[in-house]
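Enquirer: Please find one structure pasted underneath; my questions will follow.
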Amino acid sequence: MTPEEKDDVLPFVVVQVISALKYLEAMSFVHENINAENIMIDNDTATGVPEVIITDLHSVTGSYMSNNFDLRKGAEAD
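Under the working numbering, residues 1324 to 1401 are what the sequence shown spells out, in order.
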């Protein structure tokens, strides 16, 4: 893949990675080891749009936040 082709594909990859991480967060999970080695890209020849696959899901953990936690204050709310 040429540098120009990589530049064309990069926005699609970034959007899919962010979408995947937002989905995990919505499900109360956190991927603790997201890096280039854990992102696989499958070039879909039918559409020409790459498909991103996040790997190393054994480093995904559940997140928990107390109902009393106020993000604006950064501490326990009254």
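Don't be surprised by glycine CBs; every beta carbon is placed ideally from N, CA and C.
#1: DSSP three-state label for residue 1383, please.
#2: Does the Cβ of residue 1354 have 16 or more other Cβ atoms within 10 Å, making it buried, or fewer, making it exposed?
#3: So, under 8 Å CB-CB, residue 1340 and residue 1362 are touching, yes? Tell me the CB distance rounded to an integer number of Å.
#4: Between residue 1350 and chain C, is the shortest Cβ-Cβ distance under 8 Å, so that the two count as touching?
Expert: The relevant details are as follows:
#1: In the three-state reduction of the DSSP assignment, residue 1383 falls in the strand class, which pools E and B.
#2: Result: buried.
#3: With a contact defined as Cβ atoms closer than 8 Å, residue 1340 and residue 1362 qualify at about 6 Å.
#4: The structure shown contains no chain C; it holds only a single protein chain.
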